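Note that the numbering used here numbers the sequence shown so that position 120 is 453, with each residue one more than the last.
Ideal Cβ positions, reconstructed from N, Cα and C, are used throughout, including at glycine.
This structure is a prediction, so every number in the text was calculated from the model and none was measured.
To start, the structure under review is shown below, and the notes come after it.
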Amino acid sequence: YALLGVTCSYSEMIGKALNSGSRISGTAGLDFNHGFCDVYPEFATAGPDRTDPSLPVVKAFRDRLRNGMYHLGYTKTDLMIHNQPFKYSKDFMAVSEGGHDFYLVNPHQMTRTVVAHFEGFMARLRNFSPQFEPMRSKFREFFVDYHVA
Numbered sequence: 334y335a336l337l338g339v340t341c342s343y344s345e346m347i348g349k350a351l352n353s354g355s356r357i358s359g360t361a362g363l364d365f366n367h368g369f370c371d372v373y374p375e376f377a378t379a380g381p382d383r384t385d386p387s388l389p390v391v392k393a394f395r396d397r398l399r400n401g402m403y404h405l406g407y408t409k410t411d412l413m414i415h416n417q418p419f420k421y422s423k424d425f426m427a428v429s430e431g432g433h434d435f436y437l438v439n440p441h442q443m444t445r446t447v448v449a450h451f452e453g454f455m456a457r458l459r460n461f462s463p464q465f466e467p468m469r470s471k472f473r474e475f476f477v478d479y480h481v482a
């Protein structure tokens with residue numbers, strides 16, 4: 334559970350820098366969606382839309398994992414925590430069995446993915462090309478302004 338809690342926080346923190354509409358409060362869902370899709374681009378839509386209607390599987394993971402952990406102290410129903418990479422090859426997977434949807438997460442693999450992602454995220458923050466300025470600006474706002482209050 335510690336791994337799950339840390340990596341949920343990671344998605345939200347990354348999202349604070351990537352979501353141009355991020356604020357000190359009230360944007361946790363969108364922030365998580367932005368961060369999660371940056372780490373796991375296979376869950377992202379073709380365009381920049383990171384709202385729940387465009388990302389129903391991400392919303393389902395956020396609700397069952399992040400919201401369950403933060404608000405209930407435990408994951409919600411239909412989320413299966415496993416370490417069976419031979420059977421379920423991805424960190425996060427949605428599967429349907431018998432007409433019922435299940436959401437699978439492998440915290441062991443997920444941890445390695447997050448560690449690898451962080452290096453690339455930091456490289457983007459340190460890259461002073463104009464394409465990364467919005468992200469750097471939002472990161473500064475998140476790091477400085479949000480934490481002074």
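Endpoints, alpha helix (DSSP H) assigned at residue i
i: Y343; result: A335 to L351
i: D364; result: A361 to V372
i: K392; result: P389 to F394
Range of the contiguous beta strand (DSSP E) that encloses residue i
i: M413; result: L412 to I414
i: H433; result: H433 to V438
Which listed residue (the options) has its alpha carbon closest to that of residue i
i: G475; options: V339, T340 and L351; result: The displayed chain sequence assigns Phe, not Gly, to residue 475. The candidate whose alpha carbon is nearest that of F475 is L351.
i: T360; options: G380, T340, T384 and E375; result: T384
i: R395; options: L412, D382, P381 and A379; result: L412
i: G401; options: D478, L337 and R473; result: L337
i: G453; options: Y334, D382, I347 and D424; result: I347
i: Y479; options: I414, Y421, N439 and S358; result: S358
i: M455; options: R469, P381 and D424; result: R469
i: M443; options: V428, D424, H450 and G432; result: D424
i: P386; options: L363, G431 and Y403; result: L363
i: Y334; options: H450, D382 and L398; result: L398
Own chain partners of residue i with C-beta closer than 8 Å, once the 5 adjacent residues on each side are dropped
i: K471; result: K349, A350, L351, N352, S353 and S355
i: P374; result: none
i: F465; result: R457 and L458
Same chain, Cβ closer than 6 Å to residue i, five either side skipped, listed in chain order
i: M426; result: L437
i: A377; result: C370
i: H441; result: N416
Proximal residues to residue i (C-beta, below 7 Å), its chain only, five neighbours per side dropped
i: S344; result: F365, G368, F369 and V372
i: V447; result: T340, Y343 and V372
i: Y484; result: Since the first and last residues shown for the chain are 334 and 482, residue 484 lies out of range.
i: V428; result: F435 and L437
(message) Across the segment 405–419 and the segment 455–462, are there enough close Cβ pairs to call them in contact, namely three or more that are closer than 8 Å?
(response) no
(request) Could you tell me whether the segment 360–370 touches the segment 390–400, using the rule of 3 or more Cβ pairs below 8 Å? (result) yes
(request) Could you name each continuous beta strand (DSSP E) segment of 3 residues or more that falls completely within the segment 425–478, going from the start of the chain to the end? (result) 425–430 and 433–438
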